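Here the structure comes first, spelled out in structure tokens, and everything after it is commentary.
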Amino acid sequence: MPDDQHSRHGFSTRMSHAGRAGVRIHGFVNPAVHRGSTVLHPDCAARRDGAAKRFDQHMTYGTQGGPTHYALEDTIAEIEGGSRCTIVGTGLAAVVVPLLAYLKAGDHCLMPDNVYGPARNIASTMMVGWGIETTFYDPTVDEAAMAALIRPNTKVVYTESPGSHTFELQDIPAIARAAHARGAKVLMDNTWGIHNFQPFRHGVDVSIQALTKYVGGHSDILLGSVTVNSDEDHRAVRAASSTMGHYASPDDCWLALRGVRTMALRLRAQEAAAIEIAQWLERQPQVKQVLHPALPSHPQHALFKRDFTGACSLFGIVLDPRYGQEDMFRFVDSLTLFGIGASWGGFESLALPTTGFITRTAGTGEFGGQTVRIHIGLEDVEDLRADLAQGLRALG
Ligand SMILES: Cc1ncc(COP(=O)(O)O)c(C=O)c1O
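Its first residue numbered 29, the sequence shown is counted upward by one per residue in our numbering.
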């Protein structure tokens, strides 16, 4: 499909057509898996020209990626509305690569208090050793509060909206205005929003996705992407990624491209099922609160309505305060259709205790009850609801 047609089509149409190789592979619908380290050049001049273009999807050696990577890169850039994308081996690598692309010794970084745990971990451990200081901030800050947090040496304002455990939404345009006025880059983990939040329309410079989740969709691969919307940012991210030796398996890229073809359908079904179940959970006496940005009861629902075109199927619940942690474990253990495990975005439903497993240092994250994260998969809604009902009854 020619580029100028993309914006005129719906998400499902674009996910069917993006990243196809077309006539380049004799008309086969899907790109091939190109595995390889060595790339041969016809002569020395061709090798020299290739080296000069190494940030431009030009194959000089396997670590620069190949046609399967590039098909996925173009597809993810299309999903997020960015100009260029870099694929790396995990979602966590996609978090770390841009942090290290923009931060050096003596710099300051801002991270939301509800940030994905391993992102907090690198900021609190290795980055400290490298002389980079991080302040964890209340994710719900407004523009003035963000402006007050930014120091002359703040180079990165990291965001994640909603936070993937407790689902606070951030006012990304306001945060971006404050950051850009003071020369800081805005990085965002947009895994929850996927295509429902268009990061570059809201002031984000670098968008991170754990493709492991809905893009993969089948809980069988790990992959990450870093998407940008300027050549300058692309060069910075690409240089950091290749300097650190990041790479992703072309087989996994191929599986991610396969996942993309059905993602719109899966997301639509999972989003609807999750909202139905979240609304039902809100009516249960054992549940104090449901943490789902698409519900009117969510504290930042107005931001969801303003900035998002839809939701995914990951949300949280807060149990009534009369239940303690052992009760919460009993509830999760009693579920038969919800696996107990990390990750999300696959075809299977999951439940994960969060109280006691998340670190906060900025005084946020008090919900007045035990919290559980719920991921809704592709099972029948009636079956999932019945399972949750028997689990809640087990609480007494
Ligand atoms: C919000 C978020 N970002 C990033 C990641 C990291 O992805 P991966 O598991 O592919 O390293 C995860 C994984 O759970 C996540 O939930």
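All C-beta atoms in this analysis are idealised placements derived from N, C-alpha and C, irrespective of residue type, glycine included.
Every value quoted in this text rests on a predicted model; they were computed, and no experiment measured them.
Open item on the list: Shorter than 6 Å, the distance from the beta carbon of G119 to the closest heavy atom of ligand 1, or not?
Closed with: Position 91 of the sequence shown, counting from 1, holds the residue named residue 119. Under cutoff, so the answer is yes.
Task: Beta-carbon spacing of L128, A268 below 7 Å - done: Here residue 128 is taken as the residue at index 100 of the sequence shown, counted from 1. Here residue 268 is taken as the residue at index 240 of the sequence shown, counted from 1. For L128 and A268, yes; Cβs fall inside 7 Å.
Task: With 16 other Cβ atoms within 10 Å as the buried cut-off, status of P327 - done: Translated into positions along the sequence shown, residue 327 becomes position 299. Exposed: under 16 other Cβ atoms inside 10 Å.
Open item on the list: Give me, in chain order, the residues of the same chain whose beta-carbon lies closer than 6 Å to that of T382; leave out the 5 immediate sequence neighbours on both sides.
Closed with: What you label residue 382 is simply residue 354 of the sequence shown in a count that begins at 1. Closer than 6 Å at Cβ, skipping near neighbours: H193, T399, R401.
Open item on the list: So the candidates are D279, T182, L342, D102; which of them puts its Cα closest to the Cα of L131?
Closed with: Counting from one through the sequence shown, the residue named residue 131 turns up at place 103. If we check each option's Cα against that of L131, T182 comes out closest.
Open item on the list: Does the region 349-357 come into contact with the region 329-336, if we say contact requires no fewer than three beta-carbon pairs (one atom in each stretch) closer than 8 Å?
Closed with: No contact exists between the region 349-357 and the region 329-336.
TODO: Give the straight-line distance between the Cα atoms of V318 and T96, rounded to the nearest whole angstrom.
DONE: For the purposes of this step, residue 318 is identified with residue 290 of the sequence shown, where counting begins at 1. For the purposes of this step, residue 96 is identified with residue 68 of the sequence shown, where counting begins at 1. Approximately 40 Å between the Cα atoms of the pair.
- [ ] Let me know the beta strand (DSSP E) ranges lying completely inside the region 159-193, each 3 residues or longer, listed in chain order.
- [x] 161-165, 182-188
Open item on the list: Shorter than 6 Å, the distance from the beta carbon of Y144 to the closest heavy atom of ligand 1, or not?
Closed with: Within the sequence shown, residue 144 is the residue found at index 116, counting from 1. Distances taken from the Cβ of Y144 to the heavy atoms of ligand 1 include one shorter than 6 Å.
TODO: Locate the beta strand (DSSP E) running through L347, then write down its first and last residues.
DONE: Translated into the one-based positions of the sequence shown, residue 347 becomes position 319. In the DSSP annotation of this structure, the continuous segment of the beta strand (DSSP E) that includes L347 starts and ends at 342-347.
Open item on the list: Assuming C340 and I222 are in contact, meaning their beta carbons sit under 8 Å apart, how far apart are those beta carbons, in whole angstroms?
Closed with: In the sequence shown, residue 340 corresponds to position 312, counting from 1. In the sequence shown, residue 222 corresponds to position 194, counting from 1. Rounded, the Cβ-Cβ distance is 6 Å, consistent with contact.
- [ ] Return the CA-CA distance between M155 and E161, expressed in angstroms with no decimal places.
- [x] Residue numbering aside, residue 155 sits at position 127 when the sequence shown is read from its first letter. Residue numbering aside, residue 161 sits at position 133 when the sequence shown is read from its first letter. If you take the alpha carbons of M155 and E161, they lie about 7 Å apart.
- [ ] For my contact list, H230 and V125 are in at a C-beta cut-off of 8 Å; report their separation, rounded to the angstrom.
- [x] Looking up residue 230 in the sequence shown gives position 202. Looking up residue 125 in the sequence shown gives position 97. In fact, because the Cβ distance is near 21 Å, the residues do not count as touching under 8 Å.
Open item on the list: Is any non-hydrogen atom of ligand 1 found closer than 6 Å to the C-beta of A99, if you look at the structure I gave you?
Closed with: Sequence index remark: in the sequence shown, residue 99 carries index 71 (1-based). Every heavy atom of ligand 1 is 6 Å or more from the Cβ of A99, so no.
Open item on the list: At the level of alpha carbons, what is the spacing between F225 and K316?
Closed with: Reading the sequence shown from its first residue, position 197 is the one you call residue 225. Reading the sequence shown from its first residue, position 288 is the one you call residue 316. Computed Cα separation, rounded: 28 Å.
TODO: Return yes when the C-beta of D141 is under 6 Å from any heavy atom of ligand 1, and no when it is not.
DONE: For this step, residue 141 is matched to residue 113 along the sequence shown. Incorrect: D141 has no Cβ contact closer than 6 Å to ligand 1.
- [ ] Identify, in the order they occur along the chain, each residue of the same chain with its Cβ nearer than 8 Å to the Cβ of I150, setting aside the five sequence neighbours on each side.
- [x] Mapped onto the sequence shown, residue 150 falls at position 122. Counting only Cβ-Cβ distances below 8 Å, and skipping sequence neighbours, we find V123, V124, L127.
- [ ] Please determine, among A414, S44, G64, the residue with the shortest C-alpha to C-alpha distance to V57.
- [x] Translated into positions along the sequence shown, residue 57 becomes position 29. V57 has its Cα closest to that of S44, out of A414, S44, G64.
Task: Where I53 falls, given that 16 or more other Cβ within 10 Å makes a residue buried - done: Sequence index remark: in the sequence shown, residue 53 carries index 25 (1-based). So I53 ends up on the exposed side.
TODO: Could you tell me which residues DSSP pairs with I104 in its beta bridges?
DONE: Residue 104 sits at position 76 when you count from the first residue of the sequence shown. In DSSP, I104 forms no bridge with anything.
TODO: Select from E304, G93, C113 the residue whose C-alpha is nearest the C-alpha of P278.
DONE: As a working mapping, residue 278 is identified with position 250 in the sequence shown. Proximity to P278 across E304, G93, C113 peaks at G93, based on C-alpha coordinates.
Open item on the list: When you measure from the CB of T255 to every non-hydrogen atom of ligand 1, does any distance come out below 6 Å?
Closed with: Walking along the sequence shown from the start, residue 255 turns up at place 227. No; taking the cut-off as 6 Å, the Cβ of T255 has no heavy atom of ligand 1 nearer than that.
Open item on the list: I'd like to know if the region 300-309 and the region 164-184 are in contact, where contact means that at least 3 CB-CB pairs between them fall below 8 Å.
Closed with: no
Task: Near ligand 1: S192 beta-carbon under 6 Å from a heavy atom - done: Taking the first residue of the sequence shown as position 1, residue 192 is located at position 164. Yes - ligand 1 has a heavy atom lying nearer than 6 Å to the Cβ of S192.
- [ ] Would you kindly report the start and end of the unbroken alpha helix (DSSP H) that includes T290?
- [x] Mapped onto the sequence shown, residue 290 falls at position 262. Note, T290: alpha helix (DSSP H), 278-310.
Task: Integer Cβ distance of G344 from K241, believed to fall under 8 Å - done: Locating residue 344 in the sequence shown gives position 316, where the first residue counts as 1. Locating residue 241 in the sequence shown gives position 213, where the first residue counts as 1. With a Cβ gap of about 16 Å, G344 and K241 do not count as contacting.
Task: C-alpha gap between P180 and T219, whole angstroms - done: As a working note, residue 180 is residue 152 in the sequence shown. As a working note, residue 219 is residue 191 in the sequence shown. Cα to Cα, P180 sits roughly 30 Å from T219.
Task: Reduced DSSP secondary structure (H/G/I, E/B, other) of L406 - done: For the purposes of this step, residue 406 is taken as the residue at position 378 of the sequence shown. Correct three-state label for L406: coil.
TODO: Could you pull out every residue in the same chain whose Cβ sits closer than 7 Å to the Cβ of G338, ignoring the five residues on either side in sequence?
DONE: Taking the first residue of the sequence shown as 1, we reach residue 338 at position 310. The residues are N224, E299.
Open item on the list: Cutting at 7 Å between CB atoms, please list the residues of its own chain near R421, excluding the five before and the five after it.
Closed with: On the sequence shown, residue 421 is found 393 positions in, with the first residue counted as 1. Answer for R421: no residue qualifies.
Open item on the list: So, with DSSP's three-state summary, where would you put G393?
Closed with: Sequence index remark: in the sequence shown, residue 393 carries index 365 (1-based). Three-state DSSP puts G393 in coil, outside helix and strand.
TODO: Less than 8 Å between the CB atoms is what I'm expecting for G405 and F375, so what's the real figure, rounded?
DONE: Indexing the sequence shown from 1 puts residue 405 at position 377. Indexing the sequence shown from 1 puts residue 375 at position 347. At roughly 5 Å, the Cβ-Cβ gap stays under 8 Å, so G405 and F375 are in contact.
Open item on the list: Could you compute how far the alpha carbon of A322 sits from the alpha carbon of R148?
Closed with: Along the sequence shown, read from residue 1 onward, the residue named residue 322 stands at position 294. Along the sequence shown, read from residue 1 onward, the residue named residue 148 stands at position 120. The alpha-carbon atoms of A322 and R148 are separated by roughly 26 Å.
TODO: On the DSSP bridge assignment, give the partners of T387 in chain order.
DONE: For the purposes of this step, residue 387 is taken as residue 359 along the sequence shown, with counting starting at 1. T387 is not bridged to any residue.
Task: Per-residue DSSP class, three states only, for R358 - done: Start at 1 with the first residue of the sequence shown, and residue 358 comes out as number 330. Residue state, collapsed to three classes: helix.
Task: Segment limits, alpha helix (DSSP H) that includes S269 - done: For the purposes of this step, residue 269 is taken as the residue at position 241 of the sequence shown. Run containing S269: 259-271, per the alpha helix (DSSP H) assignment.
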